[in-house]
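Presented below is the structure to which this report refers.
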Amino acid sequence: MRRRLGRRYLDVLASIYIYNEHRGYTAIDRVLSAVRARAPDDLVLIAAIERHRADERKHYVMFRRWFERRGVMPLALDRTFGHIDRFVEIMFRTPISRMDIQAIIADDALFARLCRVISLTERRGYRQLDSLLSNRTVRADRILARIFEVIRKDEPSHWAPYEQWLQRYAQPRSDWWGRAVDSFVHAELLFLKLPILFLNPFVSRRVDWLDADQSANGAEAQQLSASAS
Ligand SMILES: [Fe+2]
Ligand SMILES: [Fe+2]
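When you line the sequence shown up against the numbering used here, it's residues 61 to 289, in that order.
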């Protein structure tokens, strides 16, 4: 019984993570193309965002490999389970998919808000990993624990470019409203949505991968299995 509950917990946890990693790198793709168009000379910022995108994609593929090893697909979750989805929806009053990224990048105040949302999300993710890595059920799965360790190592370089931009343009690194919304979104996910998902046996599994249109090539997959083992 205890083993079954532990398995279900990891299933739920990894399903939420794989959704968020995929959402992360696909949303960064949009930010990246807008930054390239607005500030093509800002090569340092562009390179930093490219590295961030590559890391989130790497995290996604590590979770995908983890599910493949288990022989199951992730639970079919939608944007209700995305930290950044909820955060953006509250801060910009629009879903990520309908965000006018060009307009946001063209307006310093809006771009500063987006930078704060990304940086708070990354810092939140980093703090969350401390508690996950001390969780016995997570630690018992050596590969999953290793994945979380890799993510923890990567995370600080993710908020850095956005905070550097805020500093460069003398914008506050965070504001009370952003911090309050971040805490609310996190609490909602952890204490409401995750338990409901854990207890609901009727949630189906995905039938295809989120990146079905853009599967990992052989070299990428090999590199990732090496870093997760
Ligand atoms: Fe990530
Ligand atoms: Fe990250």
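The C-beta atom is built at its ideal place from N, Cα and C for all residues, glycine as well.
For R124, the enclosing alpha helix (DSSP H) has its first and last residue at L103 to R130. The closest heavy atom of ligand 1 lies less than 6 Å from the beta carbon of H119. Nearest in C-alpha terms to R266, of all of V72, Y186, L65 and G66, is V72.
The region 200-215 and the region 89-109 do not touch, with fewer than 3 CB-CB distances between them shorter than 8 Å.
When distances are taken from the beta-carbon of E223 to the heavy atoms of ligand 2, even the shortest one reaches 6 Å or more. Pairing A136 with S75, the inter-Cα distance amounts to about 8 Å. When DSSP states are grouped into helix, strand and coil, R266 belongs to the coil group. Taking C-alpha positions only, F251 is separated from A169 by approximately 32 Å.
Comparing alpha-carbon positions, the option among T86, R68 and G66 lying closest to D273 turns out to be T86.
In this structure the region 221-236 does not touch the region 136-156; the number of beta carbon pairs closer than 8 Å is below three. The distance from the Cβ of I144 to that of G238 is about 13 Å, inconsistent with a contact at the 8 Å cut-off.
Distance between R113 and W219, taken at the CA atoms: about 12 Å. Short note on E81: C-beta closer than 6 Å to some heavy atom of ligand 1.
According to the DSSP assignment, Q227 belongs to the alpha helix (DSSP H) that extends over P216 to R228.
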